[in-house]
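Trainee:
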Amino acid sequence: MGRNDDHLQLIVEDKAGTTQRVIWWQWVGQALPQGRFDLAYTVRASDYRGQREVQVEWIDARPVEAPSLQPGLEERPAVRIVDYRREPDPIRLLELIRRREKDVQVWSEGEARAEVAGLDRRELGPARELVIWSTPPGPGELQAVLEKVSPQVVYLVGIDPGADRPQEFLERLAGLVKHAINANRGRAQISTLAAATAQREATVRAGLAWLAAQGHLVVLNEAEEGDDQVRLAPGDQTVAPNLPQITARLRGLLEETAAYRTHFARADREALIR
Numbered sequence: 345m346g347r348n349d350d351h352l353q354l355i356v357e358d359k360a361g362t363t364q365r366v367i368w369w370q371w372v373g374q375a376l377p378q379g380r381f382d383l384a385y386t387v388r389a390s391d392y393r394g395q396r397e398v399q400v401e402w403i404d405a406r407p408v409e410a411p412s413l414q415p416g417l418e419e420r421p422a423v424r425i426v427d428y429r430r431e432p433d434p435i436r437l438l439e440l441i442r443r444r445e446k447d448v449q450v451w452s453e454g455e456a457r458a459e460v461a462g463l464d465r466r467e468l469g470p471a472r473e474l475v476i477w478s479t480p481p482g483p484g485e486l487q488a489v490l491e492k493v494s495p496q497v498v499y500l501v502g503i504d505p506g507a508d509r510p511q512e513f514l515e516r517l518a519g520l521v522k523h524a525i526n527a528n529r530g531r532a533q534i535s536t537l538a539a540a541t542a543q544r545e546a547t548v549r550a551g552l553a554w555l556a557a558q559g560h561l562v563v564l565n566e567a568e569e570g571d572d573q574v575r576l577a578p579g580d581q582t583v584a585p586n587l588p589q590i591t592a593r594l595r596g597l598l599e600e601t602a603a604y605r606t607h608f609a610r611a612d613r614e615a616l617i618r
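For the sequence shown, the working numbering begins at 345 and goes up steadily by one.
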């Protein structure tokens, strides 16, 4: 950032997978911390282009030492990573993997799930081999799936689900909401909506807030952090005064996901699967 690239904007993530944009003023010449670290920061209100938002500023950081293993505990065996992110014919590749290996699961979300008969993050279970077909929406979701499946072999394919543009995401989410209202009396699960849109749960919550602010729906019971259930009903088409703020937050979350998908496509495979 800045005329001479004097400043740096980063996205940091905590153990729960919650992300936050942080600005590091005058960062040039300083090294980024490796691994987990404690962050000292300040928070202040910002009025950027007429949008009120919270700005987090980097003050200092110190590394967090990894806890040593308890006596009698062994490290988890290393996972073999096979990189097919630049494979020109991924469908044929997937057919070959399935033909060769019986104990394999395919992680695929969004509209591509049916195309390859894949499983979303809720449906996956323990398996010897895992194909990461869709690019994950964030590192938290990736690590959760790796822990759930506990594979010995991971195939990286990473097809971008194309769900990070606001209009496409909101159209997909609105269709799912309409189905929940018509077929399930408005009952829905945040995790189900997140898997169906190939997004993080925080983005789904922001998307529901946007649809409500536009008057398209009413959230009868707000899903708190960690609460998966939500009740929805048709809205009265009244636009809420805080729509610009909600729109800005939604765009920010989608931009973070798009940035991670770009990182996933380019990053060293060993850095992705740890």
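Think of the CB as a built atom: it goes at the ideal place given N, C-alpha and C, for glycine as much as any other residue.
(1) Buried or exposed: where does W368 fall if 16 or more other Cβ atoms within 10 Å of its Cβ makes it buried?
(2) Note down the Cα distance separating L413 from E357, rounded to an integer number of angstroms.
(3) Anyone know if the C-beta pair for G462 and A542 falls short of 9 Å?
(4) Would you tell me roughly how many angstroms separate the C-alpha atoms of A602 and P505, rounded to the nearest one?
(5) Could you check if L597 is buried or exposed, using at least 16 other CB atoms within 10 Å of its CB as the buried criterion?
(6) Does the distance from the C-beta atom of E397 to that of R593 stay below 9 Å?
(7) Strictly by DSSP, which residues pair up with A577?
(8) Whole angstroms is fine: what's the gap from F608's alpha carbon to V497's?
(9) Who are L500's beta bridge partners in DSSP?
(10) Run through DSSP, which three-state label would L413 get?
(11) Count the other CB atoms, across all protein chains shown, that sit within 10 Å of the CB of H523; report buried if there are 16 or more and exposed otherwise.
(12) I need the DSSP call for L352, collapsed to helix, strand or coil.
(13) Note down, in chain order, each residue of its chain lying with its Cβ closer than 7 Å to the Cβ of A507, except the 5 sequence neighbours on either side.
(14) To the nearest angstrom, how far is the alpha carbon of A550 from that of R575?
(15) Report back the beta-carbon spacing between A471 and D447 to the nearest angstrom; my notes put them in contact at under 8 Å.
(16) Within 10 angstroms of its Cβ, does G519 collect 16 or more other Cβ (buried), or is it exposed?
(17) Is the beta carbon of A577 less than 9 Å from the beta carbon of I525?
(18) Kindly list the residues whose CB is nearer than 6 Å to the CB of V548, restricted to its own chain and excluding five residues on each side of it in sequence; keep chain order.
(19) Are R465 and A488 closer than 9 Å when you measure CB to CB?
(20) So, with DSSP's three-state summary, where would you put L438?
(21) Report back the beta-carbon spacing between L438 and V475 to the nearest angstrom; my notes put them in contact at under 8 Å.
Mentor: By the coordinates alone:
(1) Classification for W368: buried.
(2) Any reading at L413 needs caution, since the residue's pLDDT is 48, under 50, leaving its predicted position unreliable; the model's value is listed next. Cα to Cα, the separation comes out at about 24 Å.
(3) Contact: no.
(4) Between A602 and P505, the alpha-carbon positions lie close to 10 Å from each other.
(5) Buried, because 16 or more other Cβ atoms sit within 10 Å of the Cβ of L597.
(6) Yes, the pair counts as a contact, with Cβ atoms nearer than the cut-off.
(7) V562, per the DSSP bridge assignment.
(8) Roughly 18 Å between the two C-alpha positions.
(9) In DSSP, L500 forms a bridge with D427 and I476.
(10) Residue placement at L413 cannot be trusted, given a pLDDT of 48 that sits under 50; what the coordinates show is reported in the next sentence. The answer is coil: DSSP assigns L413 none of H, G, I, E or B.
(11) By the neighbour-count rule (16 or more Cβ atoms within 10 Å), H523 is not buried but exposed.
(12) Three-state DSSP puts L352 in a strand.
(13) The beta carbon of A507 sits closer than 7 Å to the beta carbons of G454, F513, R516, T541, A542 and Q543 from its chain, once the five residues preceding and following it are set aside; these are given in chain order.
(14) Taken atom to atom, the span from the alpha-carbon of A550 to that of R575 is near 15 Å.
(15) Contact holds; Cβ gap of about 5 Å.
(16) By the neighbour-count rule (16 or more Cβ atoms within 10 Å), G519 is not buried but exposed.
(17) Pairing A577 with I525 gives a Cβ-Cβ distance under 9 Å.
(18) If we look at V548 and ignore the five residues flanking it on each side, its Cβ neighbours are I534, L537 and A538.
(19) In terms of Cβ geometry, R465 and A488 form a close pair [threshold 9 Å].
(20) Here L438 sits in helix by DSSP.
(21) Cβ atoms of L438 and V475 come within 8 Å of each other, at about 7 Å.
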